[in-house]
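Novice: Add 98 to a position in the sequence shown, counting from 1, and you land on the number used in my numbering.
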Amino acid sequence: MADQGISAECLKCSGPQYLTSFGRRSFIQVGLLSGLGLSLADLLRAGEVRPANLAGKRAEGRAKSVIQIILPGGLAHQESWDPKPEAPIEYRGPLGVVKTKIPGVVFSENLARTAQVADKITVVRSVTGRIPDHAQATYQMLTGYLPTPAIQHPAMGAVVAHEFGPKNNLPAWVGLPSVPAGAGTGYLSSKYGAFELGADPAQKNFQVRDISLPKGMTEERFDRRRSAREALEDHFRQVEQNPAELDAMGDFYQQAYKLISSAGARKAFSLDAEPDSMLKLYGEYPKRSIGKQLMLARRLVEAGVRLVTVMYNGSQGWDNHVRIKDAVSEGLPAFDHAFSGLITDLDQRGLLDTTLVTVTSEFGRTPKVNENGGRDHWARAYSQVIAGGGITRGQIYGATNATAAEPDRDPVTVENFLATVYHQLGINAEDRLLAPGGRPIDIVRDGKFVEGLCSAS
Numbered sequence: 099m100a101d102q103g104i105s106a107e108c109l110k111c112s113g114p115q116y117l118t119s120f121g122r123r124s125f126i127q128v129g130l131l132s133g134l135g136l137s138l139a140d141l142l143r144a145g146e147v148r149p150a151n152l153a154g155k156r157a158e159g160r161a162k163s164v165i166q167i168i169l170p171g172g173l174a175h176q177e178s179w180d181p182k183p184e185a186p187i188e189y190r191g192p193l194g195v196v197k198t199k200i201p202g203v204v205f206s207e208n209l210a211r212t213a214q215v216a217d218k219i220t221v222v223r224s225v226t227g228r229i230p231d232h233a234q235a236t237y238q239m240l241t242g243y244l245p246t247p248a249i250q251h252p253a254m255g256a257v258v259a260h261e262f263g264p265k266n267n268l269p270a271w272v273g274l275p276s277v278p279a280g281a282g283t284g285y286l287s288s289k290y291g292a293f294e295l296g297a298d299p300a301q302k303n304f305q306v307r308d309i310s311l312p313k314g315m316t317e318e319r320f321d322r323r324r325s326a327r328e329a330l331e332d333h334f335r336q337v338e339q340n341p342a343e344l345d346a347m348g349d350f351y352q353q354a355y356k357l358i359s360s361a362g363a364r365k366a367f368s369l370d371a372e373p374d375s376m377l378k379l380y381g382e383y384p385k386r387s388i389g390k391q392l393m394l395a396r397r398l399v400e401a402g403v404r405l406v407t408v409m410y411n412g413s414q415g416w417d418n419h420v421r422i423k424d425a426v427s428e429g430l431p432a433f434d435h436a437f438s439g440l441i442t443d444l445d446q447r448g449l450l451d452t453t454l455v456t457v458t459s460e461f462g463r464t465p466k467v468n469e470n471g472g473r474d475h476w477a478r479a480y481s482q483v484i485a486g487g488g489i490t491r492g493q494i495y496g497a498t499n500a501t502a503a504e505p506d507r508d509p510v511t512v513e514n515f516l517a518t519v520y521h522q523l524g525i526n527a528e529d530r531l532l533a534p535g536g537r538p539i540d541i542v543r544d545g546k547f548v549e550g551l552c553s554a555s
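Shown next, in the form of structure tokens:
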């Protein structure tokens with residue numbers, strides 16, 4: 099259960115829907131191209147066409163790309179970004195604190211490396227949500243909406259892919275190694291979904307599926323099959339009542355062809371060229387792949403990927419209803435090493451100014467430690483991190499009260515946090531997309547850009 103970020107104790111409050119992914123792969127598998135490429139039925143079912151954005155062609159903002167780090171399960175803000183060392187022991191918890199590069203600010207003891215790059219990031223300590231339920235809060239974190247049976251909303255990755263499209267023959271949205279439940283395309287076409295690696299870069303002989311020709315397939319033979327498939331598709335287009343579906347299906351193929359045929363794209367997905375010094379910077383931990391995942395995320399945004407989603411579950415997930423000290427102390431150091439390495443690496447390469455990095459969890463944990471040495475769900479106040487892409491450096495934005503139970507200053511809703519990320523990308527969250535039936539829907543309803551998070555220059 100740890101690889102889902104959910105503890106066994108919490109299954110009773112989540113239900114099976116939390117463990118079911120709403121998303122799907124939007125790039126075809128190369129292995130399905132055999133026999134004239136007849137993955138047509140799958141794509142016809144999945145590749146429905148949706149109307150375009152009402153706002154028109156999008157101009158980039160200060161941020162050109164996003165690395166979206168998700169810590170699923172609900173990371174305790176008290177044991178990470180917002181410790182309360184002066185609170186009674188039952189509130190402050192079992193861990194100590196470390197000083198940061200921001201005068202007077204401390205992080206929890208397992209973020210010692212990140213404390214040394216705190217002058218390059220912003221911690222929002224006053225995020226406030228509404229529902230302490232994993233499935234619903236995750237959906238809101240990804241889309242800006244609470245779930246409803248009436249409609250599925252697109253996740254940020256899908257919106258970014260829709261607004262900007264792919265670049266340099268690379269997918270617009272990549273999941274390392276996958277994207278969480280709720281990270282679907284919603285009412286947008288499935289072609290805007292994430293390209294999920296389906297492999298862990300920390301594993302020996304790591305290789306991304308679907309970006310090279312199948313064994314025994316020559317380029318000449320591949321091109322012949324491509325031509326045959328296009329001829330068959332033309333025939334279907336003449337007899338189909340809705341040829342637009344075939345056009346959408348063709349987009350899947352074109353994206354896959356470009357990815358397969360581009361040496362630059364294949365290189366972006368490989369860590370072979372990374373020196374040992376980079377491995378040390380990001381950290382190498384047994385059974386913890388976050389270092390290589392974030393290193394690969396940096397390579398991908400450097401090469402032109404618009405948004406990379408990275409899931410990190412720690413050792414036991416972050417849904418720590420019991421023994422929170424053990425879970426956090428086992429899982430957070432690898433994140434601390436990798437995240438601080440990513441921020442340092444991006445900054446040294448001059449990429450931090452144009453790459454937005456976020457660290458989010460669907461909610462926080464209860465102010466008081468429970469009888470099992472853990473903390474339960476708490477949505478009323480928690481912390482998120484945002485850095486780069488025009489965000490102010492070295493800032494603690496907002497605050498919680500003495501027990502980390504409520505925002506005490508400058509509350510930031512989930513919708514406002516998302517709207518700020520969109521704003522830095524050049525997307526107005528109040529713009530509308532067309533849902534089925536031609537109904538216009540705000541990208542994020544009630545989401546307002548938080549000006550105080552962003553630098554003036």
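Glycine included, C-beta positions come from ideal geometry on N, C-alpha and C. Quick caveat, the model's predicted, so the values are computed rather than measured.
1. Is Ala157 buried or exposed, if buried means 16 or more other CB atoms sit within 10 Å of its CB?
2. Compare the Cα-Cα distances from Val510 to each of Gln522, Ala533, Lys546, Gly487 and report the closest residue.
3. Just mark Gly472 as buried or exposed, buried being the case when its beta carbon has 16 or more other beta carbons within 10 Å.
4. Let me check understanding here. Comparing Cα to Cα, which of Ala185, Thr236, Asp180, Arg543 lies closest to Leu209?
5. Taking the alpha-carbon positions, what's the Ala425 to Asn468 distance?
6. Can you say whether Asn470 is buried or exposed, counting buried as having 16 or more other CB atoms within 10 angstroms of its CB?
7. Roughly how many whole angstroms lie between the Cα atoms of Ala300 and Tyr189?
8. Rounding to the nearest angstrom, what Cα-Cα distance links Tyr520 and Gln414 in this structure?
9. Identify the residues that DSSP records as bridge partners of Pro538: which are they?
10. Along the chain, where does the alpha helix (DSSP H) containing Thr518 start, and where does it finish?
11. Please identify the residue among Ile489, Arg396, Leu173, Arg160 whose C-alpha is closest to the C-alpha of Gln446.
12. With C-beta atoms as the reference, is Val403 less than 8 angstroms away from Gln391?
13. Does the Cβ of Ala361 have 16 or more other Cβ atoms within 10 Å, making it buried, or fewer, making it exposed?
14. When we look at the beta-carbon of Ser206 and count the other beta-carbons within 10 Å, is it buried (16 or more) or exposed?
15. For Glu261, does the count of other Cβ atoms within 10 angstroms reach 16, so buried, or fall short, so exposed?
16. Which of the three DSSP states, helix, strand or coil, is assigned to Ala503?
17. Quick one: what's Leu274 bridged to in DSSP?
18. Buried or exposed: which applies to Arg211, given that a residue is buried once 16 or more other Cβ atoms fall within 10 Å of its Cβ?
19. As an exercise, report each continuous alpha helix (DSSP H) stretch of at least 4 residues that is fully enclosed by the region 369-438, in chain order.
20. Only counting the same chain, and skipping five residues up and downstream in sequence, which positions put a Cβ closer than 6 angstroms to that of Thr283?
21. For the beta strand (DSSP E) containing Gln482, list its first residue and its last residue.
22. Using the DSSP secondary-structure output, state which residues sit across from Gly462 in a beta bridge.
23. Just how far apart, CA to CA, sit Pro267 and Ala366?
24. At what residues does the beta strand (DSSP E) containing Tyr285 begin and finish?
25. With H, G and I counted as helix, E and B as strand and the rest as coil, what does DSSP make of Gly296?
26. The alpha helix (DSSP H) that contains Tyr189, what's its start and end?
27. Tell me the rounded alpha-carbon separation between Thr453 and Ser481.
28. With H, G and I counted as helix, E and B as strand and the rest as coil, what does DSSP make of Ile494?
29. Helix, strand or coil for Lys265, going by three-state DSSP, please let me know.
30. Between the Cα of Leu449 and the Cα atoms of Gly412, Gly488, Asp474, which residue gives the shortest distance?
31. So, helix, strand or coil for Thr236, using DSSP?
32. Count the other C-beta atoms from every protein chain shown that fall within 10 angstroms of the C-beta of Thr518, then say buried if there are 16 or more, exposed otherwise.
33. Could you compute how far the alpha carbon of Gly550 sits from the alpha carbon of Thr498?
34. Measure the alpha-carbon distance for Asp540 versus Gly389 and round it to whole angstroms.
35. Since I believe Pro170 is in contact with Asn411 (beta carbons under 8 angstroms), could you give me their beta-carbon distance rounded to a whole number of angstroms?
36. Sort Ala477, Ala554, Asp451, Arg478 by Cα distance to Val164 and report the nearest one.
Specialist: Let me lay it out:
1. In the sequence shown, the residue the question calls residue 157 occupies position 59. Answer is exposed; the Cβ neighbour count stays below 16.
2. As a first step, residue 510 is located in the sequence shown; it is residue number 412 there, counting from the start. For Val510, the closest alpha carbon among the candidates Gln522, Ala533, Lys546, Gly487 is that of Lys546.
3. Walking along the sequence shown from the start, residue 472 turns up at place 374. When all chains shown are included, Gly472 counts as buried.
4. Within the sequence shown, the letter at position 111 stands for residue 209. Taking only the C-alpha atoms, the option nearest Leu209 is Asp180.
5. For this step, residue 425 is matched to residue 327 along the sequence shown. For this step, residue 468 is matched to residue 370 along the sequence shown. If you take the alpha carbons of Ala425 and Asn468, they lie about 15 angstroms apart.
6. Counting from 1 along the sequence shown, the entry for residue 470 is found at position 372. Classification for Asn470: exposed.
7. The count along the sequence shown starts at 1 and reaches residue 300 at position 202. The count along the sequence shown starts at 1 and reaches residue 189 at position 91. Computed Cα separation, rounded: 37 angstroms.
8. Here residue 520 corresponds to residue number 422 of the sequence shown, with the count starting at 1. Here residue 414 corresponds to residue number 316 of the sequence shown, with the count starting at 1. If you take the alpha carbons of Tyr520 and Gln414, they lie about 32 angstroms apart.
9. Residue mapping note: residue 538 aligns to position 440 of the sequence shown, counting from 1. Bridge partners of Pro538: Leu532.
10. Start at 1 with the first residue of the sequence shown, and residue 518 comes out as number 420. It spans 512-523 - the alpha helix (DSSP H) in which Thr518 sits, taken as one unbroken run.
11. Numbered from its first residue, the sequence shown carries residue 446 at position 348. Comparing Cα-Cα distances from Gln446 to each of Ile489, Arg396, Leu173, Arg160, the minimum goes to Arg396.
12. Counted from its first residue, the sequence shown places residue 403 at position 305. Counted from its first residue, the sequence shown places residue 391 at position 293. Contact flag unset, no.
13. For the purposes of this step, residue 361 is taken as residue 263 along the sequence shown, with counting starting at 1. Classification of Ala361: exposed, given that the 10 Å Cβ count is below 16.
14. In the sequence shown, counting from the first residue as 1, residue 206 sits at position 108. Per the 10 Å Cβ criterion, buried.
15. On the sequence shown, residue 261 is found 163 positions in, with the first residue counted as 1. Counting the other Cβ atoms within 10 Å of the Cβ of Glu261 gives 16 or more, which makes it buried.
16. On the sequence shown, residue 503 is found 405 positions in, with the first residue counted as 1. DSSP places Ala503 in coil when its eight states are reduced to three.
17. On the sequence shown, residue 274 is found 176 positions in, with the first residue counted as 1. For Leu274, which the question treats as bridged, DSSP gives the partners Val408.
18. Residue 211 sits at position 113 when you count from the first residue of the sequence shown. Counting Cβ neighbours within 10 Å, Arg211 comes out buried, since at least 16 surround it.
19. 374-380, 388-401
20. Position 185 of the sequence shown holds residue 283. Result list for Thr283: Pro252, Ala256, Tyr290, Gly291, in chain order.
21. Sequence index remark: in the sequence shown, residue 482 carries index 384 (1-based). Its beta strand (DSSP E) spans residues 480-485.
22. For the purposes of this step, residue 462 is taken as the residue at position 364 of the sequence shown. The partner list for Gly462 (beta bridge, DSSP) reads Trp476.
23. Locating residue 267 in the sequence shown gives position 169, counting from the first residue. Locating residue 366 in the sequence shown gives position 268, counting from the first residue. The sequence given here has Asn at residue 267, not Pro. Rounded to whole angstroms, Asn267 to Ala366 spans 11 angstroms at the Cα level.
24. As a first step, residue 285 must be located in the sequence shown, where it is residue number 187. Looking at the DSSP string, Tyr285 is not in any beta strand (DSSP E), and its letter there is neither H nor E.
25. To locate residue 296, count along the sequence shown from 1; it is residue 198. DSSP places Gly296 in coil when its eight states are reduced to three.
26. In the sequence shown, counting from the first residue as 1, residue 189 sits at position 91. Note, Tyr189: alpha helix (DSSP H), 187-190.
27. The count along the sequence shown starts at 1 and reaches residue 453 at position 355. The count along the sequence shown starts at 1 and reaches residue 481 at position 383. Approximately 20 angstroms between the Cα atoms of the pair.
28. To locate residue 494, count along the sequence shown from 1; it is residue 396. Here Ile494 sits in strand by DSSP.
29. Position 167 of the sequence shown holds residue 265. Three-state result, Lys265: strand.
30. Position 351 of the sequence shown, counting from 1, holds the residue named residue 449. Ranking the options by Cα distance to Leu449, first place goes to Gly488.
31. The residue labelled residue 236 in the question sits at position 138 within the sequence shown. Here Thr236 sits in helix by DSSP.
32. Here the question's residue 518 lines up with position 420 in the sequence shown. Looking at its Cβ environment, which holds 16 or more other Cβ atoms inside 10 Å, Thr518 is buried.
33. On the sequence shown, residue 550 is found 452 positions in, with the first residue counted as 1. On the sequence shown, residue 498 is found 400 positions in, with the first residue counted as 1. One C-alpha to the other measures close to 17 angstroms.
34. Locating residue 540 in the sequence shown gives position 442, where the first residue counts as 1. Locating residue 389 in the sequence shown gives position 291, where the first residue counts as 1. Spanning the two alpha carbons is a distance of roughly 36 angstroms.
35. Locating residue 411 in the sequence shown gives position 313, counting from the first residue. Locating residue 170 in the sequence shown gives position 72, counting from the first residue. Confirmed, Cβ separation roughly 6 angstroms.
36. What you label residue 164 is simply residue 66 of the sequence shown in a count that begins at 1. Here the closest residue by C-alpha is Asp451.
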